[in-house]
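Enquirer:
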Amino acid sequence: GDSVTQKEGLVTLTEGLPVMLNCTYQTIYSNAFLFWYVHYLNESPRLLLKSSTDNKRTEHQGFHATLHKSSSSFHLQKSSAQLSDSALYYCALRETGNTGKLIFGLGTTLQVQP
Amino acid sequence: GGIITQTPKFLIGQEGQKLTLKCQQNFNHDTMYWYRQDSGKGLRLIYYSITENDLQKGDLSEGYDASREKKSSFSLTVTSAQKNEMAVFLCASTPGLGQDTQYFGPGTRLLVL
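Taken in order, these protein sequences are the chains called A and B. Per the working numbering, the very first residue in the first sequence carries number 525; after that it's consecutive. Per the working numbering, the very first residue in the second sequence carries number -4; after that it's consecutive.
1) Using the beta-carbon of each residue, which ones in chain A are nearer than 9 Å to Pro101 of chain B?
2) From the DSSP output, which residues share a beta bridge with Leu545 of chain A?
3) For a cutoff of 8 Å on Cβ pairs, would you count Gln97 of chain B as touching chain A?
4) Taking all protein chains shown into account, do 16 or more other C-beta atoms lie within 10 angstroms of the C-beta of Ile7 of chain B, making it buried, or fewer, making it exposed?
5) Measuring CA to CA, which of B:Gly(-4), B:Arg104, B:Thr15, B:Pro3 is closest to Gly58 of chain B?
6) Straight-line CA distance for Lys78 of chain B to Glu10 of chain B?
7) List the residues of chain A that Leu40 of chain B touches, going by C-beta distances under 9 Å, in chain order.
8) Output, in sequence order along the chain, the residues in the segment 63 to 92 of chain B whose CB is closer than 9 Å to any CB in chain A.
9) Taking the DSSP output, what are the residues bridged to His584 of chain A?
10) Nearest by alpha-carbon distance to Pro569 of chain A: which of B:His24, B:Gln12, B:Gly37 is it?
11) Alpha carbons only, please: which of A:Asn555, A:Leu630, A:Gly540 is nearest the one belonging to Val562 of chain A?
12) Give the interface partners of Gly111 of chain B over in chain A, defined as CB-CB distance under 7 Å, in chain order.
13) Taking C-alpha atoms, which residue in B:Gln1, B:Lys13, B:Asn48, B:Ala61 lies nearest to Ile41 of chain B?
14) For chain A, is any of its Cβ atoms less than 8 Å away from the one on Thr2 of chain B?
15) Take every Cβ of the segment 597 to 609 of chain A, pair it with every Cβ of the segment 545 to 559 of chain A, and state whether three or more of those distances are shorter than 8 Å.
16) Taking Thr26 of chain B as the query, report the chain A residues whose CB atoms sit under 9 Å from its CB, ordered along the chain.
17) State the CB to CB distance for the pair Leu105 of chain B and Phe84 of chain B, rounded to an integer number of angstroms; the pair is presumed to be in contact (CB under 8 Å).
18) Verify whether the separation of the beta carbon atoms of Pro3 of chain B and Thr103 of chain B is less than 8 Å.
19) Please report how far the alpha carbon of Lys593 of chain A lies from the alpha carbon of Gln635 of chain A, in whole angstroms.
20) To the nearest whole angstrom, what separates the beta carbons of Ser68 of chain B and Gln19 of chain B, a pair I think is in contact under 8 Å?
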C-alpha cells in the first residue's frame, strides 16, 4: 500500500544553516501528488508546498522541494534556517485511487537554535 | 477566506466516559476529516465525510463514532475514553473529494484522567 517515510523525528540546527527534511514515499500510482504541511505551536497545520510534477522545483515562503519520481523523494529544503522556522513538518501523499485521502508521514520536528 | 473552529479547545475526561468533539467550517467545503495527532505517530485518519450525511471510516476508527449533521459541521465521539489517554484531535476540510489542499482547525486537546 501507499506509505510516506520521514526518517528524522527531530532535526536541530543553528540559525543560518541550511535545512533539509527528508521525505520518501511508496505508491503504485504513477501520478503521485506530494505535500508538505507545517504545524507551528498553537496554530493550525497548514499547507506549505505541493507538487505532482516530476523534477520541477516548487517554492513557497523560502522553502523549496522537488518531486523526484525516480527516487520517490520530496525533500524539503531552505537555504538558511530562521528561528521562526521551528515547527513540526509533515510530508503527505495523496492516496492512490483519488479518494482525496492523504497519507501522512510521522512528522519531523525542526528546532532552530540561535 | 474561511475558518474552521473546533470545540472545546481542551477536554478533560474520565476513564470510560463518552466524549464529543465538534468541528464547524464556513468554507462551504463538501469533505471533512477527523485526524488524531500523537507525538511521533503522525496524523492518523479516524473518520471522513465526503458530503452531508456521509461517513467513511479511516484507519483508526475503532473506538470512535462520527456524525455529519449538516454540511458545515462534523462531530467526533470517543465512545469510551481510555485512562491516561492524551492526544490532539484535528478537523480538516477540502472543497471536494480529490481536491488537493486540506484546511485544518486548531485542534482539541484531550486528556483522560
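Every residue gets a Cβ at the ideal spot worked out from N, C-alpha and C, and that includes glycine. Predicted, not measured: the structure shown is a model, and the values here were computed from it.
Expert: Based on what the coordinates show:
1) Neighbours of Pro101 of chain B on chain A, chain order: Asn566, Glu567, Ser568.
2) Paired residues: A:Leu600.
3) It does; some Cβ of chain A falls within 8 Å.
4) So Ile7 of chain B counts as exposed.
5) The residue among B:Gly(-4), B:Arg104, B:Thr15, B:Pro3 with its C-alpha nearest the C-alpha of Gly58 of chain B is B:Thr15.
6) Cα to Cα, Lys78 of chain B sits roughly 5 Å from Glu10 of chain B.
7) For Leu40 of chain B, the chain A residues whose Cβ falls inside 9 Å of its Cβ are Lys625, Leu626, Ile627, Phe628, in order along the chain.
8) Within the segment 63 to 92 of chain B, those residues whose Cβ lies closer than 9 Å to any Cβ of chain A are, in chain order, Leu85, Ala87, Thr89, Gly91, Leu92.
9) Answer by DSSP bridge pairing, in chain order: A:Phe587.
10) In this structure, B:Gly37 is the residue among B:His24, B:Gln12, B:Gly37 with its C-alpha nearest to the C-alpha of Pro569 of chain A.
11) Residue A:Leu630 is the option with its Cα nearest to Val562 of chain A.
12) Within the shown structure, residues of chain B are numbered from -4 to 108, placing residue 111 of chain B beyond reach of any answer.
13) Answer by Cα proximity: B:Ala61.
14) Chain A, which has no Cβ nearer than 8 Å to the Cβ of Thr2 of chain B, makes this no.
15) By the Cβ test, the segment 597 to 609 of chain A is in contact with the segment 545 to 559 of chain A, since at least three Cβ pairs between them sit closer than 8 Å.
16) Neighbourhood of Thr26 of chain B in chain A, by CB distance below 9 Å: Gly624, in chain order.
17) The pair is a contact, with the Cβ atoms about 6 Å apart (cut-off 8 Å).
18) Yes; because the gap between Cβ atoms is below 8 Å, this pair is in contact.
19) Whole-angstrom Cα-Cα distance: 29 Å.
20) Contact flag correct, Cβ pair sits at about 5 Å.
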